[in-house]
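Undergrad: One structure is given below, represented as structure tokens, and several questions about it will come after.
Numbering (our numbering), first residue to last: 12 to 609.
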């Protein structure tokens, strides 16, 4: 006949419009039947009694218990069908918006889609049934629960709310429709950007702005006030795009909201301020470096997006196999200076972080001096410079030498004192990584000499110089084949040698593509970036030339004769590999007076 309590429960949920069936199976008996050791059950029961939580929730937290096995047991007990996976593309975002993210996470519940006038709702355990009933009342439709492994459901919740988040433009339209509200009072901090769809208007707009920027792979968010308009732009793959134009009357409220999130003084509007926002989006930890600047019509705000937990890998920075092989050899040398050069935003920090991550090991003491520290590297000591207390690159480098380092990263060589200290560190048995703002690799030698470092010290300390730029990758969905004519190549500024190199590569089976634009790449024709590189390895001949005072052009010709690929050469190689376009390579190497063009 069955357990009366379970039968009553079955009738109750069916009457409430929740389709389910209940079977009479003991939880612990089912777990033992699945092979769960009695010791683990006892430990989970003790934890549940200690925390006042359900037994199954305690089991969730035990890494030795398979989430899928637990889900199957719950399915056996309740008769609720189990789904091992959830296809996010099928999830109805309108249903997802019916409940806040925090509630979905806490209760372990996610509405999925509608089947025959019944909403299918994923839950992690029986505690979610009450939430299913509440959701039924809110939606006004019958609901059918399905069980999903708690790790699968947690991931699906994050991804579904990410998918359901609205664009900044859509939120701004809603704000403009909400007349008569005092927006200045709506500046409370929320724990997650996607938590509550019913937040105050300005909070909702700023959160949607951050959410959209992260989803669009933006590196920076610009909020720019002008005389008659307020403009928000995103920098995506190195290029700025206009996203939305909020009403100018909202400028003060938007800036105040960002300042509160960054811990800045909202009353101070006369001087620049710098801060940091630490937040989450769909479970991902995000850091934003915030800079405010007073301008004529208000305050300008720029937010740099830094995702915590980013993995740095030399295999992914875009070096050719030959360049990568040489570079890996250089970063494992016992001493010397390795410089990475290029303008701001050319990916120098990513390359150096990737190099440090590759050589990082328990037997190496690696210390960095940075301004600012953008990402935390596990197992590496990182110091932030602070000129206000005389903690400069030069003074910090002197202190670091007393910390018994094997490898030192100096964020940038800006002056003679830092350069001298770096040279002395390399000559006393340390490997020094640093950056320098020069257009190409050979110019690094003359730049250090111009700073006041003796040529013989430069030649004896430098082991390699890597120049780099970032080019946008062609969108793999919409890129189209292209056969450029000689006139087009000349109009692009390519010299005869560059055209010859390109033609030879195409004759060898290479294919040139160009950007078109589609929904996947936001109609830009590009998606993501990769590097182009020029690696100059210092040998005896180069050393002699530097000591003798040779100029950058002479050093470059000698390096190319030994096999060095100039920046544009490496870019052309990526063009015929279908990675990027000719226009993109020309755009980022316009200032290069390469041997290719002479």
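Where a beta carbon is used, it is the ideal one built from N, C-alpha and C, also for glycine.
(1) List the endpoints of the continuous alpha helix (DSSP H) containing residue 586.
(2) Count the CB pairs spanning the region 416-427 and the region 374-389 that are closer than 8 Å, and state whether there are at least three.
(3) Near residue 452, what residues of its chain come up, given a Cβ to Cβ distance below 6 Å and the 5 sequence neighbours on each side ignored?
(4) Are there 16 or more other CB atoms within 10 angstroms of the CB of residue 439, so buried, or fewer, so exposed?
(5) Which of the three DSSP states is assigned to residue 296 in this structure?
(6) With 16 other CB atoms within 10 Å as the buried threshold, where does residue 488 fall?
(7) Out of 288, 373, 304, 305, which has the shortest C-alpha to C-alpha gap to residue 614?
(8) What separation, rounded to the nearest whole angstrom, lies between the Cα atoms of residue 171 and residue 356?
(9) Ignoring anything shorter than 4 residues, give me the alpha helix (DSSP H) runs that lie fully in the region 331-416, in order along the chain.
(10) Distance, Cα to Cα, residue 191 vs residue 108?
(11) Quick one: grab the DSSP three-state call for residue 303.
(12) Can you tell me whether residue 497 is helix, strand or coil according to DSSP?
(13) Would residue 121 and residue 167 be called neighbours here (beta carbons separated by less than 9 Å)?
(14) Assign residue 374 to buried or exposed, taking buried as 16 or more other Cβ atoms, counted over all protein chains shown, within 10 Å of its Cβ.
(15) Whole angstroms are fine: how far does the CA of residue 393 sit from the CA of residue 4?
(16) DSSP puts residue 314 in a beta bridge; with which residues?
(17) At what residue ranges does the region 452-500 contain a whole run of the alpha helix (DSSP H), taking only runs of 4 or more?
(18) Can you list, in chain order, the residues of its chain with a C-beta nearer than 7 Å to that of residue 194? Leave out the 5 residues immediately preceding and following it.
(19) Kindly indicate which residue of 257, 471, 346 has the alpha-carbon position closest to the one of residue 554.
(20) Provide the residue span of the alpha helix (DSSP H) that contains residue 212, from first to last.
(21) With a Cβ-Cβ cutoff of 9 Å, do residue 367 and residue 348 count as a contact?
(22) In terms of DSSP beta bridges, what is residue 447 paired with?
(23) Since I believe residue 358 is in contact with residue 481 (beta carbons under 8 Å), could you give me their beta-carbon distance rounded to a whole number of angstroms?
(24) So, does the region 311-331 touch the region 231-249, judging by three or more C-beta pairs under 8 Å?
(25) I'd like to know if the region 97-116 and the region 145-155 are in contact, where contact means that at least 3 CB-CB pairs between them fall below 8 Å.
(26) For residue 240 and residue 255, I'd like the C-alpha separation in whole angstroms.
(27) Assuming residue 419 and residue 378 form a contact by the criterion Cβ under 8 Å, report the distance between their Cβ atoms to the nearest whole angstrom.
(28) Rounded C-beta distance between residue 593 and residue 495? I'm assuming under 8 Å.
(29) Are the CB atoms of residue 405 and residue 428 nearer to each other than 9 Å?
(30) For residue 127, which option in 154, 106, 114 has the closest C-alpha, if you only look at C-alpha atoms?
(31) Quick check on the burial criterion: 16 or more other C-beta atoms within 10 angstroms. Buried or exposed for residue 91?
(32) Nearest-angstrom Cα distance between residue 102 and residue 85?
(33) Quick one: residues in its chain with C-beta nearer than 7 Å to the C-beta of residue 229, no 5 flanking neighbours on either side, listed in chain order?
(34) In terms of alpha-carbon separation, which member of 467, 581, 597, 237 lies closest to residue 306?
(35) With respect to the alpha helix (DSSP H) encompassing residue 91, which residues constitute its N-terminal and C-terminal limits?
(36) Could you round the C-beta distance between residue 490 and residue 527 to whole angstroms and report it? I think they count as a contact, below 8 Å.
TA: On the basis of the supplied data:
(1) 578-587
(2) yes
(3) 476, 478, 545, 547
(4) exposed
(5) strand
(6) exposed
(7) Residue 614 lies beyond the residue range present for the chain, which begins at 12 and ends at 609; the question has no answer from this structure.
(8) 33 Å
(9) 332-341, 359-370, 404-411
(10) For residue 191, the predicted model reports a pLDDT of 42, less than 50, meaning its position is unreliable and no value from the coordinates is stated.
(11) strand
(12) helix
(13) yes
(14) exposed
(15) Outside the shown range of the chain (12 to 609) lies residue 4, about which nothing can therefore be said.
(16) 232, 301
(17) 454-462, 466-472
(18) Legend: pLDDT at residue 194 = 45, less than 50; position of this residue unreliable, value from coordinates given subsequently. The residues are 212, 213, 261, 264.
(19) 471
(20) 212-226
(21) no
(22) 352
(23) 5 Å
(24) yes
(25) yes
(26) 11 Å
(27) 6 Å
(28) 6 Å
(29) yes
(30) 154
(31) buried
(32) 23 Å
(33) 245, 246, 247, 316
(34) 237
(35) First-last for residue 91: undefined, no H or E at that position.
(36) 7 Å
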